[in-house]
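**Student:** Position 198, counted from 1, in the sequence shown is what the numbering used here calls 213; the numbers after and before it change by one each time, with no gaps. Would you mind keeping the following structure in view while I ask a few things?
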Amino acid sequence: MLVGVTGGIASGKSTVSFMLEEMGIPLIDYDVLARQVVEPGQPAWEAIVGYFGTDILLADGWIDRKKLSKIVFRNIEKRKKLESITHPFIHNEFFRQLAELTSERSDSIVQVSIPLMIERNLQVMFHKIVLVYTSEHVQIERLVARDKITVADARAVLAAQLPISEKVPYADFVIYNEGQLEETKRQVVDLYEQLKEIQKNRSVEN
Numbered sequence: 016m017l018v019g020v021t022g023g024i025a026s027g028k029s030t031v032s033f034m035l036e037e038m039g040i041p042l043i044d045y046d047v048l049a050r051q052v053v054e055p056g057q058p059a060w061e062a063i064v065g066y067f068g069t070d071i072l073l074a075d076g077w078i079d080r081k082k083l084s085k086i087v088f089r090n091i092e093k094r095k096k097l098e099s100i101t102h103p104f105i106h107n108e109f110f111r112q113l114a115e116l117t118s119e120r121s122d123s124i125v126q127v128s129i130p131l132m133i134e135r136n137l138q139v140m141f142h143k144i145v146l147v148y149t150s151e152h153v154q155i156e157r158l159v160a161r162d163k164i165t166v167a168d169a170r171a172v173l174a175a176q177l178p179i180s181e182k183v184p185y186a187d188f189v190i191y192n193e194g195q196l197e198e199t200k201r202q203v204v205d206l207y208e209q210l211k212e213i214q215k216n217r218s219v220e221n
């Protein structure tokens, strides 16, 4: 069973995914895949540098992700170009890892964390969708603190995504991640038990 985990930026997707992973549900993280495919020397890296120029590179040849993010968040055409370069490589690596995880046990649960799942209409790939929900003002506070950016820049980042409230109708499960970590953990434990029960019933039906 494929479980998609999504939310808005700084909503706590990674926190929830890591909790599920600790409970035994393997994780494929699109953020990690996105970093892997743009490592120096990779085809996507060469295409990105060819389009955006060497000004986006750090001294060691790695892409300066913060600099590139500022460029694409303020320019829709450049953002679409970046996505057209990276997405095919990300998807190929995703399917490779998925095949590896399910080769021995086709009845297992695999979680896939995708930040812009709904925006890219990727929810159709999954049996169940988990939304990690955080209100916009909390997202902005976390972005400013985490990335050391201005409130205006944080709002620009959020503007590039579908409002998190509009993602709720797509979700089978919603994890509210605004309070204490213990409360988030309680919700994730409950989610884990429900997913295991759903998978058990699916296995019986098949």
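Backbone N, C-alpha and C define an ideal beta-carbon position, used for all residues, glycine too.
(1) Is the separation between the beta-carbon of Phe104 and that of Val52 shorter than 8 Å?
(2) Are there 16 or more other CB atoms within 10 angstroms of the CB of Phe110, so buried, or fewer, so exposed?
(3) Just verifying my parser: in three-state terms, what is the DSSP assignment at Ile155?
(4) Per DSSP, which one or two residues make a beta bridge with Phe188?
(5) Can you check which of these residues, Ala74, Ile91, Ala186, is closest to Lys143 by C-alpha distance?
(6) Between the Cα of Gly76 and those of Ile91, Leu83, Glu54, Ala62, spot the shortest distance and give me the residue it belongs to.
(7) Hey, is the region 112 to 123 in contact with the region 33 to 44, meaning 3+ C-beta pairs nearer than 8 Å?
(8) Between which two residues does the alpha helix (DSSP H) holding Ile100 run?
(9) Answer yes or no: do Val31 and Val183 have a C-beta to C-beta separation smaller than 8 Å?
(10) State the Cα-Cα distance for the pair Ala49 and Asp79, rounded to the nearest angstrom.
(11) So, do the region 137 to 153 and the region 96 to 103 have three or more beta carbon pairs nearer to each other than 8 Å?
(12) Which of the three DSSP states is assigned to Ile78 in this structure?
**Tutor:** So, to answer that:
(1) Position 89 of the sequence shown, counted from the start, is the residue given in the question as residue 104. Position 37 of the sequence shown, counted from the start, is the residue given in the question as residue 52. Going by C-beta atoms, Phe104 is nearer than 8 Å to Val52.
(2) Here residue 110 refers to the residue found at position 95 when the sequence shown is read from its first residue. With fewer than 16 other Cβ atoms inside 10 Å of its own Cβ, Phe110 counts as exposed.
(3) For the purposes of this step, residue 155 is taken as residue 140 along the sequence shown, with counting starting at 1. The three-state reading of DSSP puts Ile155 in helix, counting H, G and I together.
(4) Position 173 of the sequence shown, counted from the first residue, corresponds to residue 188. In DSSP, Phe188 forms a bridge with Val145.
(5) Against the sequence shown, residue 143 aligns to sequence position 128. Of Ala74, Ile91, Ala186, the residue nearest in Cα terms is Ala186.
(6) Within the sequence shown, numbered from 1, the residue matching residue 76 stands at position 61. The alpha carbon of Gly76 has as its nearest neighbour, out of Ile91, Leu83, Glu54, Ala62, the alpha carbon of Glu54.
(7) Counting Cβ pairs under 8 Å, three or more are found: they touch.
(8) Translated into the one-based positions of the sequence shown, residue 100 becomes position 85. That run of the alpha helix (DSSP H) goes 91 to 117.
(9) The residue given as residue 31 occupies position 16 in the sequence shown. The residue given as residue 183 occupies position 168 in the sequence shown. In this structure, Val31 sits away from Val183, with a CB-CB distance that is not shorter than 8 Å.
(10) Stepping through the sequence shown from its first residue, residue 49 is reached at position 34. Stepping through the sequence shown from its first residue, residue 79 is reached at position 64. Rounded to the nearest angstrom, the two C-alpha atoms are 13 Å apart.
(11) Short answer: they don't touch.
(12) By one-based count along the sequence shown, residue 78 stands at place 63. If DSSP states are grouped into helix, strand and coil, Ile78 belongs with the strands.
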